[in-house]
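Engineer:
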Amino acid sequence: MSRRIILIVNAGSSSLKFSVFRLGDTDILQLAVRGQIDGIGTRPHLCVKDVTSAVVAERDFAIIEISNVQQAIWFAGDWLNEYFQDAQLLAVGHRVVHGGTDYSHPVLVDEAVFAALEQLIPLAPLHQPHNLAAIRVVREVQPQVPQIACFDTAFHRTHPQIADLYALPWKYYASGVRRYGFHGLSYEYIAATLPKVSPALAGGRVIAAHLGSGASLCAMQAGKSLDSTMGFSPLDGVPMGTRPGALDPGVLLYLINECGLSGADLEKLLYRESGLLGLSGISNDMRVLMESREPRAQLAIEYFLHYVIKQIGALAAVLGGIDGLVFTAGIGEHSPVIRARILQGCAWLGISVDAEANVRGGPRISMEDSPVAVWVIPTDEEWMIPRHTLALVFKKEKGYVN
Ligand code: AMP
Numbered sequence: 009m010s011r012r013i014i015l016i017v018n019a020g021s022s023s024l025k026f027s028v029f030r031l032g033d034t035d036i037l038q039l040a041v042r043g044q045i046d047g048i049g050t051r052p053h054l055c056v057k058d059v060t061s062a063v064v065a066e067r068d069f070a071i072i073e074i075s076n077v078q079q080a081i082w083f084a085g086d087w088l089n090e091y092f093q094d095a096q097l098l099a100v101g102h103r104v105v106h107g108g109t110d111y112s113h114p115v116l117v118d119e120a121v122f123a124a125l126e127q128l129i130p131l132a133p134l135h136q137p138h139n140l141a142a143i144r145v146v147r148e149v150q151p152q153v154p155q156i157a158c159f160d161t162a163f164h165r166t167h168p169q170i171a172d173l174y175a176l177p178w179k180y181y182a183s184g185v186r187r188y189g190f191h192g193l194s195y196e197y198i199a200a201t202l203p204k205v206s207p208a209l210a211g212g213r214v215i216a217a218h219l220g221s222g223a224s225l226c227a228m229q230a231g232k233s234l235d236s237t238m239g240f241s242p243l244d245g246v247p248m249g250t251r252p253g254a255l256d257p258g259v260l261l262y263l264i265n266e267c268g269l270s271g272a273d274l275e276k277l278l279y280r281e282s283g284l285l286g287l288s289g290i291s292n293d294m295r296v297l298m299e300s301r302e303p304r305a306q307l308a309i310e311y312f313l314h315y316v317i318k319q320i321g322a323l324a325a326v327l328g329g330i331d332g333l334v335f336t337a338g339i340g341e342h343s344p345v346i347r348a349r350i351l352q353g354c355a356w357l358g359i360s361v362d363a364e365a366n367v368r369g370g371p372r373i374s375m376e377d378s379p380v381a382v383w384v385i386p387t388d389e390e391w392m393i394p395r396h397t398l399a400l401v402f403k404k405e406k407g408y409v410n
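Now the structure itself:
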């Protein structure tokens, strides 16, 4: 069995996800284990599964044992050292939410890059500090191991400037108030998968709809992002589990000036209390809402559908018409009912739905002769990270990067 391994880390505020890939003799990556410590600071729980989905470790912790992401990564590191005793850790790849304007590709993290990524914390205060905390811990423990940052914003750096701007005075653009776009690793995966499932579509105009707890849509042309519904932050665009999606900025002024909400109050409202949860008053989980008979649960679903359909129209206009539509993420992959309702609302685009294929989950859910092909493609946001990591390690070995 190969001794060379790559560790992939996705560190959030309340959970740490990690996976380990072995590098075979022919440099093929093989998943070895996938694990997660969730409930950090509340009910820490570790679960690690091997490639057959058999549980290889499971444990609850006291809150003080794992009260923050640093402790989680320390613990995961110890566990991995023991489990992969004789292994050689080649590199660690991290999911990092924000790469700002500079990083349109994954990057090897050195002191200067780390400092630049720290500067971006104010742009993604809920995610970036945890992503960087994981890098810092690994650097302390294994300073010689290369670490690679893969960004959620990078895929959208192909936006034309018009899709990168807000109509504000230029000084704000210069200080970083731009439409960065998010879910980039998911869209990159879709763009990388399309040539295999539908070569004809891969070169065309496609809207990818990432509909999960977080939701956004991306307009792609020949696999490159031209526009997306998320902008400066992951709050914009369509409604999500607990985020409102697009909001008249006047609402924020009113909430601050007339209702006395502070910045912290607004952050909580916009990231944790709005969206499907806020509207329904019941849940942020689409499945729960679909099973509920409460009128507000149904209203929340209608609101979600209305805005997804509206944004598909807007992005179709940006692309000058579309050749394909791709559904992905939790709701997009698993709910034929929601897909059918969205497609009904997009009938004007000329989509002809294959209802049976939709119920089966696709992968193609439009009729053969539909002018717009519709696909369900399960996303794998963490598929790209080990590949990027390996590619940069090889470039480093060959001296192409420092
Ligand atoms: P994600 O963030 O991609 O894991 O997606 C989570 C969202 O997908 C939650 O709102 C779930 O309720 C939703 N979801 C998962 N399975 C289904 C399903 N079968 N029908 C409707 N929504 C689903």
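Note that our numbering has the sequence shown beginning at 9, numbered continuously upward.
Backbone N, C-alpha and C fix where the C-beta goes; we use that ideal spot for every residue, glycine too.
All figures in this text were calculated on a predicted structure; none of them were measured in a lab.
1) Ordered along the chain, which non-local residues of its own chain (more than five positions away) have a Cβ less than 6 angstroms from that of T166?
2) Kindly indicate which residue of L134, I13, A254 and L313 has the alpha-carbon position closest to the one of F92.
3) Assuming D331 contacts L209 (C-beta within less than 8 angstroms), just tell me the rounded distance between them.
4) Among residues of its own chain, excluding the 5 on either side of V296, which ones have a beta-carbon nearer than 7 angstroms to its beta-carbon?
5) With H, G and I counted as helix, E and B as strand and the rest as coil, what does DSSP make of F26?
6) According to DSSP, is E119 helix, strand or coil?
7) If I48 sits next to A80, beta carbons under 8 angstroms apart, how far is it from one beta carbon to the other, in whole angstroms?
8) Any chance the CB of H342 is under 7 angstroms from a heavy atom of ligand 1?
9) Under 8 angstroms between the Cβ atoms of V146 and V77?
10) At a cut-off of 7 angstroms, would you count S61 as near ligand 1, judging by its Cβ distance to the nearest heavy atom?
11) Indicate the three-state DSSP secondary structure (helix, strand or coil) for N18 in the structure shown.
12) Between which residues of its own chain and G353 is the CB-CB distance below 6 angstroms, once the five residues before and five after are set aside?
13) Residues in the same chain with beta-carbon distance under 7 angstroms from Q306, minus the five sequence neighbours each way, listed in chain order, please.
14) Would V115 and H135 be called neighbours here (beta carbons separated by less than 8 angstroms)?
15) Output the distance between the C-alpha atoms of T109 and R301, rounded to the nearest integer angstrom.
16) With a cut-off of 8 angstroms, do at least 3 Cβ pairs link the region 361-376 to the region 339-348?
Structural biologist: In this structure, then:
1) Once the five neighbours on either side are set aside, the close Cβ partners of T166 are K232 and S233.
2) If we check each option's Cα against that of F92, I13 comes out closest.
3) D331 to L209, Cβ: 6 angstroms. Contact.
4) Excluding sequence neighbours, V296 sits near I290.
5) It is a strand residue.
6) Secondary structure of E119 (DSSP, three-state): helix.
7) About 5 angstroms; that satisfies the 8 angstroms criterion.
8) H342 has its Cβ nearer than 7 angstroms to a heavy atom of ligand 1.
9) Not a contact, by the Cβ cut-off of 8 angstroms.
10) For ligand 1, not one heavy atom lies less than 7 angstroms from the Cβ of S61.
11) Reduced to three states, the DSSP call for N18 is strand.
12) For G353, where only same-chain residues beyond five positions count, the Cβ hits under 6 angstroms are I317.
13) Within the same chain, Q306 has no close Cβ partners at all.
14) Here V115 is not near H135, since their CB atoms are 8 angstroms or more apart.
15) Their backbone Cα atoms lie some 45 angstroms apart in a straight line.
16) Yes, the region 361-376 is in contact with the region 339-348.
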